[in-house]
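Enquirer: Using the numbering used here, read the sequence shown as starting at 774 and increasing by one per residue. Backbone N, C-alpha and C define an ideal beta-carbon position, used for all residues, glycine too. Quick caveat: nothing in here was measured; it's all calculated off a predicted structure.
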Amino acid sequence: MKILFFCTAHNSLSQRLFLVLSRKHSITVEYALCAEKMIEAADLVKPHLIICPFLTSLVPQQVYETYLTLIVHPGPPGDAGPSALDWMLMGDDGTVADSQQLLRDNRFNPVGRSHWGVTVLQAIAEFDKGPVWAFDQFPVNINDTSTTKSSLYRGPVTQAAVAATLAAIDRIEAAASLASTPFGAPLSPPTTPKPDGTSSSVAGDTSPGLSADKEFAQLSVTTSEPFLGGKTHHRPLLKASDRHFDIRKHTASTISRRIRSADSQPGCLSDLFGPKLYLYGGIIENPTLLSSNRGHIAPGSIIAVRDEAVCVATCDNKGIWITHVRRVKTKTDAALWPKVPAALGLKQLGVSTGSPSTWFHSLLPQTQSEEWAKSYHDTFQEIWVDFVTDGHKRLAYLYFDFYNGAMSTEQCRRMVRCLEYILSTATGPNQSLPLAAVVLMGGSSYFSNGIHLNVIESAADPALESWYNINAIDDVVEKLLLDLPARGVTTISAIRGNCAAGGVALAAACDVVVAGEHAVLNPAYRALGLYGSELHSVSYLGRCGAEGAKTALRSMTPLSADDAQGMGLVDHVLRVAPEALDSAVRAHVEGLFPRGGKRGLAPSAKAGSWKRNVDTSPAGLALARAAELGQMSMDFWSARSERYHSRRRDFVRKVRPSSTPLRFATHRREKGMMDEEEQDTFDSVEWFVEKTMCSLRKDISDRMVRLIKDFSSGEKGTMAPRPSADPAPATANGDSPPARIGPHPGFISSSNQYSSEIKIRRMLKDNGCDPAREDNYRLQGVQLINNFRLNFRDAEYSHQDAALASLFVACKVEDTIKKSKDILAAAYNVKNPEKTVAPDDKMFEAPGKIIIGLERFILETIGFDFRTRYPQKLLVKVVRRALGKSSANSRDFFATAYDMCIDMYKTFVPIKQTTFSMVMAVVELTARMRGEHLERVQDFAAGRKQYSRDAVMETMLDLLDLYVQHHKSTRIGARFDLGKFIDIKIRLNTDLDSTAKPRYLYHCHRCEVEEAHPLSSTTASATDPTTASNPWPADASIRRTARGQDGTMRFVFDPEAAKDEQETVSQFFKDEYEEYEVEVEEPVPPPDRDEAPRGRGGYRGGYRDRGDHRRGGPYGAYRGDRYHWGRGRYH
774 MKILFFCTAH NSLSQRLFLV LSRKHSITVE YALCAEKMIE AADLVKPHLI ICPFLTSLVP
834 QQVYETYLTL IVHPGPPGDA GPSALDWMLM GDDGTVADSQ QLLRDNRFNP VGRSHWGVTV
894 LQAIAEFDKG PVWAFDQFPV NINDTSTTKS SLYRGPVTQA AVAATLAAID RIEAAASLAS
954 TPFGAPLSPP TTPKPDGTSS SVAGDTSPGL SADKEFAQLS VTTSEPFLGG KTHHRPLLKA
1014 SDRHFDIRKH TASTISRRIR SADSQPGCLS DLFGPKLYLY GGIIENPTLL SSNRGHIAPG
1074 SIIAVRDEAV CVATCDNKGI WITHVRRVKT KTDAALWPKV PAALGLKQLG VSTGSPSTWF
1134 HSLLPQTQSE EWAKSYHDTF QEIWVDFVTD GHKRLAYLYF DFYNGAMSTE QCRRMVRCLE
1194 YILSTATGPN QSLPLAAVVL MGGSSYFSNG IHLNVIESAA DPALESWYNI NAIDDVVEKL
1254 LLDLPARGVT TISAIRGNCA AGGVALAAAC DVVVAGEHAV LNPAYRALGL YGSELHSVSY
1314 LGRCGAEGAK TALRSMTPLS ADDAQGMGLV DHVLRVAPEA LDSAVRAHVE GLFPRGGKRG
1374 LAPSAKAGSW KRNVDTSPAG LALARAAELG QMSMDFWSAR SERYHSRRRD FVRKVRPSST
1434 PLRFATHRRE KGMMDEEEQD TFDSVEWFVE KTMCSLRKDI SDRMVRLIKD FSSGEKGTMA
1494 PRPSADPAPA TANGDSPPAR IGPHPGFISS SNQYSSEIKI RRMLKDNGCD PAREDNYRLQ
1554 GVQLINNFRL NFRDAEYSHQ DAALASLFVA CKVEDTIKKS KDILAAAYNV KNPEKTVAPD
1614 DKMFEAPGKI IIGLERFILE TIGFDFRTRY PQKLLVKVVR RALGKSSANS RDFFATAYDM
1674 CIDMYKTFVP IKQTTFSMVM AVVELTARMR GEHLERVQDF AAGRKQYSRD AVMETMLDLL
1734 DLYVQHHKST RIGARFDLGK FIDIKIRLNT DLDSTAKPRY LYHCHRCEVE EAHPLSSTTA
1794 SATDPTTASN PWPADASIRR TARGQDGTMR FVFDPEAAKD EQETVSQFFK DEYEEYEVEV
1854 EEPVPPPDRD EAPRGRGGYR GGYRDRGDHR RGGPYGAYRG DRYHWGRGRY H
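As structure tokens, then:
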């Protein structure tokens, strides 16, 4: 039978169904990108049957009226709607028919349903209301914290969908055969379909007019029982607001169900940590541990951080583990944000997770054995080891249940530490029994999917994080191929769930590989644009041979466990139900060993025989690893890296594909047609270089065409500028060109320590900065000295490198001279405390040069002006003068003011205001927040000549904006109620309105109209320096500094001297214009119309006024096109 799949994405369910049906039918896949594409695909295939395993859009009427179309719905008969699993996991037991009443009265059942199901129904005009061809059901426990929407979908839902679809196809074939049989003729079984999908394999016409028996909707496929889970209803889309929880009111179990009902998409939207984030996890911590420690804990308090997951106290004195977070996509964001571990995501947002001294130590392992042993109570745990002994030997079952199977750098390093712990027990003095084998169990849903693309995408330098990640997972594989075999320990991998890319190579590196029959394997890396590592060039070659290894890496199509066994990637396939797979693995492993006390595998097992085909010596493995990493480095940093970075970004951010890959859409493949990933040029760096050059040439050509068209459209008398400094050809009448006025005089920069709000906005716009990223950098405290981030675009440097370069310069300024390698080593050791390195390590040679290069940019930015402002010193004096040394609460007042002074560096205030203005703003705002000493502070300020009320007002409002919009990301924000900040802000704004003064000093209303505010505060941050969420596109023509141009940059400290010198050299920069006429043919105007006189416009020499009203002002001139003064690029 010819079957066409319509899929929103070729996910785990559709891949599993594809593999099962491909044994008897011809299957082709089409992504449901639009109705036109779906209609076109149906016309090309002319299928006997269309199946929609995972479809979020409607099937076109033209399709389901022409071809019998089946919808796989993740709900039992009678259930309808796009959020079937979500409602069930929330606790909808079917007793309340009205969905709005169910939500409004919160009448969810905490026990939930006992069963759920999957229905295969026919597509008709009404959504999810078509005839039912089959359904299956399975038991479910919504209070099992390991049951999430995604784990349910990959497990029981997929198995039920496969069973129901197979039954539906059999019933359709039988109905078609019956419909085509003449009345009174003897019935015969339907013909067995052939893999080639020819029409002769179908006995009868499988048209939409076939009739489904009513019994199909009443009895399940596997048990022949009616649905046991209660009444079903049509439920609407479950919105984010419907899942919202209040940590102060809702219990841990309620919160857990709401979070797990939204995993893995879209996530549970909550402001639990301050900014609104999508939360994932929802694992409940054992209540007895919390109740036995410190009594009642404030709901919402972070009580522990383990393995980058965060545990938060609930109102019923329990804990809830948040494992991952994702930022909310705003209107200015081009795509979704990455989903990252909770502690990492909160750190990137500047949200504090506390310190180990404030956490509950009872929730954290205290010894090494506790760290790796399976917890005896319900909690969050990614890695654990179960040691089993039978009196003659010991077996170590290593479980690593990582979220979605992705292994980040930190997770791989924890895996290495766990393997080292297991090795330490192999021949330890306290171990009388030898360690015979280590069994990698992975997780129940996923064994492993290789490197963690979401963490990589969120990194400031994705290429560098990719390098760290691939090396870390290679370290895990080396433990399996070198260290464990050296101790005589057999390695076994048990693939209980799906597996892809580096995860397949990880499993293949073991001596023995066993897999459940329901597992789906995707060994290829190429679809993501990677060569791959994990020593696959050793394991694949040894297991599959040269041709088999090439096929595994180039096919890029899913494999069943049986297919993988046929290729050699899997040694044994266990044919048991998924829920019995763990026990089956242990029984199989036990069967590999002899019953007596003899150590080692039974001879019949032939464990690790594939290693005889390759070199697995330390030298051989080192050579293979070096070769693989050499290729991977090209995937990260060479011109070829385009293939990986673009595909990773699209995968993580769920970018909609433009077409269906030909390897899936076989109906669209014609002779000679291949996907880009299937071509040999996909591996060529030179091809990507040429591709980039062609793109660049095309872009230049398009620009030139537009320029010529613009020039050609001009009228007679058009003026053409020609700078006098450029050599000009001789004129037509023999006149000589104007003489060049002297050599290039260079460029001047004069220091200016202050800026204005409108100038900061303009600088951010000109540099194409992402407002959300700027907010995040300030919240993290990444304040580079003197406007560095405002003067250089993100594309020119990594913000971490710039921060280290700033520290490098600061050390010189403060006479604490350090080498660049010293600073790099310190930064690396802070980030990786478990693996410290010395400053003379070779890994710092290249980054050291980058730091030295950035030092020049920083010096250019500050204009060699090393004056610094420390408001903290003046703050001490002002508080003492205003309040007096003997004030009873002056110490508490100062403590609050000092912390507010630190928070001030998370705004642009330090580069806008004088030291005195900053201090007075902090002192007055502290007095307003504490409700004391306000009159004394104002009296003190009134007697100071340097006091500027406008500057103080602007500073206080900037601080209040910070506290209102990022309440929990500051020192002061958590101490006061948010309403207090809002009230003070309203009062200050009212005072401004009453005096008719602007919000910002030196404000220009014309600029505000022309340029939108780039500093819009959002909860997003710089997890991706290359993200396209910018409201302003980067301008390729932005004004650059003197670097790379002829002439030199000189730094003049006297502004008057700089002005005089500029006037002297201004002749060099003067633009002169000459007029010339261009004869063009024009149609003769009608005689009855007066011809308007034509004149010649233009300027004859002198400075050309560009109409830039932004020049001048208290901060100096805006840096124009040729000469400049002020600090760096702006002043």
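Quick one: which unbroken alpha helix (DSSP H) runs of 4-plus residues sit fully inside the stretch 1308-1334? Chain order, please.
Expert: Segments of the alpha helix (DSSP H) lying fully in the stretch 1308-1334: 1309-1327.
Enquirer: Looking only at its chain, what residues have a beta carbon closer than 7 Å to the beta carbon of Ile1675, apart from the 5 residues adjacent to it on each side?
Expert: Mapped onto the sequence shown, residue 1675 falls at position 902. If we look at Ile1675 and ignore the five residues flanking it on each side, its Cβ neighbours are Arg1744.
Enquirer: Output yes or no for whether 8 Å exceeds the beta carbon distance between Ile1246 and Ser1239.
Expert: As a first step, residue 1246 must be located in the sequence shown, where it is residue number 473. As a first step, residue 1239 must be located in the sequence shown, where it is residue number 466. Against a cut-off of 8 Å, the Cβ pair of Ser1239 and Ile1246 comes out as no contact.
Enquirer: How about the stretch 785-799 and the stretch 922-938: do they share at least three Cβ pairs that are nearer than 8 Å?
Expert: These segments touch.
Enquirer: Have a look at Asp1080 and Phe1160 and give me their C-alpha separation to the nearest angstrom.
Expert: Residue numbering aside, residue 1080 sits at position 307 when the sequence shown is read from its first letter. Residue numbering aside, residue 1160 sits at position 387 when the sequence shown is read from its first letter. Their backbone Cα atoms lie some 22 Å apart in a straight line.
Enquirer: Name the DSSP bridge partner or partners of Asn1271?
Expert: Position 498 of the sequence shown, counted from the start, is the residue given in the question as residue 1271. Asn1271 is bridged to Tyr1219.
Enquirer: Going by other Cβ atoms of all chains shown within 10 Å of its Cβ, with 16 needed for buried, is Arg1421 buried or exposed?
Expert: Working through the sequence shown from its first residue, we reach residue 1421 at position 648. Buried, since its Cβ has 16 or more Cβ neighbours within 10 Å.
Enquirer: Please check the pair Ser1026 and Pro883, which I expect to be a contact at CB under 8 Å, by giving their CB distance rounded to whole angstroms.
Expert: Your numbering for residue 1026 matches position 253 in the sequence shown. Your numbering for residue 883 matches position 110 in the sequence shown. Yes, Ser1026 and Pro883 are in contact; Cβ-Cβ is about 6 Å, under 8 Å.
Enquirer: Taking Cβ positions, are Phe1409 and Ala1236 nearer each other than 8 Å?
Expert: For this step, residue 1409 is matched to residue 636 along the sequence shown. For this step, residue 1236 is matched to residue 463 along the sequence shown. In this structure, Ala1236 lies closer than 8 Å to Phe1409 by Cβ.
Enquirer: From which residue to which residue does the beta strand (DSSP E) around Arg1722 run?
Expert: Along the sequence shown, read from residue 1 onward, the residue named residue 1722 stands at position 949. Note, Arg1722: premise wrong, no beta strand (DSSP E); alpha helix (DSSP H) at Arg1722 to Gln1738.
Enquirer: Excluding the five sequence neighbours on either side, which residues of its own chain have a C-beta within less than 6 Å of the C-beta of Ile800, listed in chain order?
Expert: In the sequence shown, residue 800 corresponds to position 27, counting from 1. Taken in chain order, the residues that qualify are Ile776, Phe791 and Leu794.
Enquirer: Could you tell me the alpha carbon to alpha carbon distance between Ala1655 and Val1695, rounded to whole angstroms?
Expert: The residue labelled residue 1655 in the question sits at position 882 within the sequence shown. The residue labelled residue 1695 in the question sits at position 922 within the sequence shown. Roughly 13 Å between the two C-alpha positions.
Enquirer: Using three-state DSSP, classify Met1691 as helix, strand or coil.
Expert: Here residue 1691 is taken as the residue at index 918 of the sequence shown, counted from 1. Helix at Met1691.
Enquirer: Which stretch, first to last residue, makes up the beta strand (DSSP E) that contains Gly1092?
Expert: One-based indexing of the sequence shown puts residue 1092 at position 319. Looking at the DSSP string, the run of the beta strand (DSSP E) that includes Gly1092 is Gly1092 to Arg1100.
Enquirer: Would you report the Cα separation of Glu1307 and His1361, rounded to the nearest angstrom?
Expert: By 1-based counting over the sequence shown, the position of residue 1307 is 534. By 1-based counting over the sequence shown, the position of residue 1361 is 588. About 26 Å.
Enquirer: As an exercise, report each continuous alpha helix (DSSP H) stretch of at least 4 residues that is fully enclosed by the stretch 1137-1218, in chain order.
Expert: Within the stretch 1137-1218, the complete alpha helix (DSSP H) runs of at least 4 residues are 1141-1145 and 1182-1197.
Enquirer: Starting from the Cα of Ser1221, find the closest Cα among Ser1205, Asn1295 and Pro1612 and give me that residue.
Expert: On the sequence shown, position 448 is the one that residue 1221 refers to. With distances taken between Cα atoms, Ser1221 lies closest to Asn1295.
Enquirer: Any contact of the stretch 1418-1435 with the stretch 1460-1477, i.e. 3+ C-beta pairs under 8 Å?
Expert: The stretch 1418-1435, when compared against the stretch 1460-1477, does not touch it at the 8 Å Cβ threshold.
Enquirer: Give the DSSP-derived three-state secondary structure of Lys775 in the structure shown.
Expert: Locating residue 775 in the sequence shown gives position 2, where the first residue counts as 1. Looking at Lys775 - three-state DSSP - the assignment turns out to be strand.
Enquirer: Report the residue from His1225, Ala1600, Cys807 and Gly1040 whose alpha carbon sits nearest the alpha carbon of Lys1012.
Expert: Against the sequence shown, residue 1012 aligns to sequence position 239. Ranking His1225, Ala1600, Cys807 and Gly1040 by Cα distance to Lys1012 puts Gly1040 first.
Enquirer: Expressed to the nearest angstrom, what Euclidean distance is found between the alpha-carbon atoms of Ala1199 and Gly1364?
Expert: Position 426 of the sequence shown, counted from the start, is the residue given in the question as residue 1199. Position 591 of the sequence shown, counted from the start, is the residue given in the question as residue 1364. Those two C-alpha atoms are separated by around 21 Å.
Enquirer: Where does the unbroken alpha helix (DSSP H) through Trp1110 begin, and where does it stop?
Expert: As a position in the sequence shown, residue 1110 is number 337, starting the count at 1. Counting along the chain, Trp1110 falls outside any alpha helix (DSSP H), and DSSP gives it neither H nor E.
Enquirer: Under three-state DSSP, which class holds Lys1082?
Expert: On the sequence shown, residue 1082 is found 309 positions in, with the first residue counted as 1. The sequence given here has Ala at residue 1082, not Lys. Residue state, collapsed to three classes: strand.
Enquirer: My guess is that Arg1021 and Cys1084 are in contact by the Cβ rule of under 8 Å, so how many angstroms apart are they, rounded?
Expert: As a position in the sequence shown, residue 1021 is number 248, starting the count at 1. As a position in the sequence shown, residue 1084 is number 311, starting the count at 1. Actually they are not in contact, since the Cβ atoms of Arg1021 and Cys1084 sit about 17 Å apart, beyond 8 Å.
Enquirer: On the DSSP bridge assignment, give the partners of Glu1705 in chain order.
Expert: Mapped onto the sequence shown, residue 1705 falls at position 932. Answer is none; Glu1705 lacks a bridge partner.
Enquirer: Report the residue ranges of all alpha helix (DSSP H) runs contained in full by the stretch 1649-1687; include only those spanning at least 4 residues, in chain order.
Expert: As far as the stretch 1649-1687 is concerned, its whole alpha helix (DSSP H) runs of at least 4 residues are 1663-1676.
Enquirer: Only counting the same chain, and skipping five residues up and downstream in sequence, which positions put a Cβ closer than 6 Å to that of Asp1962?
Expert: Lying before the first or after the last residue shown, residue 1962 is absent from the chain, which here runs from 774 to 1904.
Enquirer: In this structure, does DSSP put Gln1719 in helix, strand or coil?
Expert: Walking along the sequence shown from the start, residue 1719 turns up at place 946. Residue state, collapsed to three classes: coil.
Enquirer: Can you tell me the Cα-Cα spacing of Thr781 and Leu806, whole angstroms?
Expert: If you number the sequence shown from 1, residue 781 lands on position 8. If you number the sequence shown from 1, residue 806 lands on position 33. The alpha-carbon atoms of Thr781 and Leu806 are separated by roughly 7 Å.
Enquirer: Who are Phe827's beta bridge partners in DSSP?
Expert: Here residue 827 corresponds to residue number 54 of the sequence shown, with the count starting at 1. Phe827 is bridged to Cys780.
Enquirer: State buried or exposed for Ala949, treating a residue as buried only when at least 16 other CB atoms are found within 10 Å of its CB.
Expert: Here residue 949 corresponds to residue number 176 of the sequence shown, with the count starting at 1. Ala949 is buried by the Cβ-count criterion.
Enquirer: What's the gap between the Cα of Arg1653 and the Cα of Tyr1643?
Expert: For this step, residue 1653 is matched to residue 880 along the sequence shown. For this step, residue 1643 is matched to residue 870 along the sequence shown. Taking the straight line from one Cα to the other gives about 17 Å.
Enquirer: Quick check: what's the CA-CA separation for Ala1578 versus Ile1684?
Expert: Translated into positions along the sequence shown, residue 1578 becomes position 805. Translated into positions along the sequence shown, residue 1684 becomes position 911. The straight-line gap from Cα to Cα measures roughly 19 Å.
Enquirer: Let me know if Cys1467 comes out buried or exposed under the rule of 16 or more other beta-carbons within 10 Å of its beta-carbon.
Expert: On the sequence shown, position 694 is the one that residue 1467 refers to. The residue is exposed, with fewer than 16 neighbouring Cβ atoms inside 10 Å.
Enquirer: Taking 8 Å as the threshold (C-beta atoms), are Pro849 and Phe908 in contact?
Expert: Numbered from 1 along the sequence shown, position 135 holds the residue referred to as residue 908. Numbered from 1 along the sequence shown, position 76 holds the residue referred to as residue 849. Yes, Cβ-Cβ distance for Phe908 and Pro849 is below 8 Å.
Enquirer: Does the distance from the CB of Val1124 to the CB of Phe1046 come in under 8 Å?
Expert: Mapped onto the sequence shown, residue 1124 falls at position 351. Mapped onto the sequence shown, residue 1046 falls at position 273. Yes, these two residues count as a Cβ contact at 8 Å.
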